[in-house]
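>
Below, the structure is given as C-alpha cells:
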C-alpha cells in the first residue's frame, strides 16, 4: 500500500493512496511543500500536476477522503461544510479526483491557518 504523509504544523495526516492517475502523480511529485488556504471548512494547497479530471470525480466527499481539483491544480481536504454545502455535507467547489483516504480526524484541520506550511513526503512502509 502506497502512502503519503502530510505535515501541517503539529498535525500529521497519513494518507493511503488509491489506484488512480492522480494518486500516481502525487506519489511521483513527493516530496514537496506548499502553503495552506481555506474555503469554508476545506483546506487546499496548490500542486502543479497536470492531471485530467477522472471519470469518478465528484464534488461531495466524506470525511477522510482526499481529493484533487484539476481547475487550479489543488489538493483539497474537506472537513466540514463549505459555502456550496447543503446541511452538513462536505461539498467541494467543483468535482475533484478522489486520490486517497486517511483515518486521521480531519476536523483537526480547523486549527490550520492560511499560509501555514504543508510538507508532503512518501511514507515508507
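Numbering (the working numbering), first residue to last: 1 to 125. All residues carry an ideal CB built from backbone N, CA and C; glycine is no exception. Every value quoted in this text rests on a predicted model; they were computed, and no experiment measured them.
In the structure shown, what three-state DSSP assignment does residue 59 receive?
The answer is strand: DSSP assigns residue 59 an E or B state.
> Taking just the CA atoms, how far does residue 31 sit from residue 120?
If you take the alpha carbons of residue 120 and residue 31, they lie about 5 angstroms apart.
> Can you give the Cα-Cα distance for residue 20 and residue 97, rounded to whole angstroms?
Using only the alpha carbons, I get a separation of about 9 angstroms.
> Return the first residue and the last residue of the alpha helix (DSSP H) that residue 22 is part of.
That run of the alpha helix (DSSP H) goes 21-29.
> Measuring alpha carbon to alpha carbon, tell me which of 83, 93 and 79 ends up nearest residue 127.
Nothing in the structure corresponds to residue 127, since the chain is present only between 1 and 125.
> Just mark residue 67 as buried or exposed, buried being the case when its beta carbon has 16 or more other beta carbons within 10 Å.
With 16 or more Cβ atoms within 10 Å of its Cβ, residue 67 is classed as buried.
> According to DSSP, simplified to helix, strand and coil, what is residue 10?
Coil at residue 10, not helix or strand.
> Measuring alpha carbon to alpha carbon, tell me which of 102, 41, 88 and 43 ends up nearest residue 64.
It is 102.
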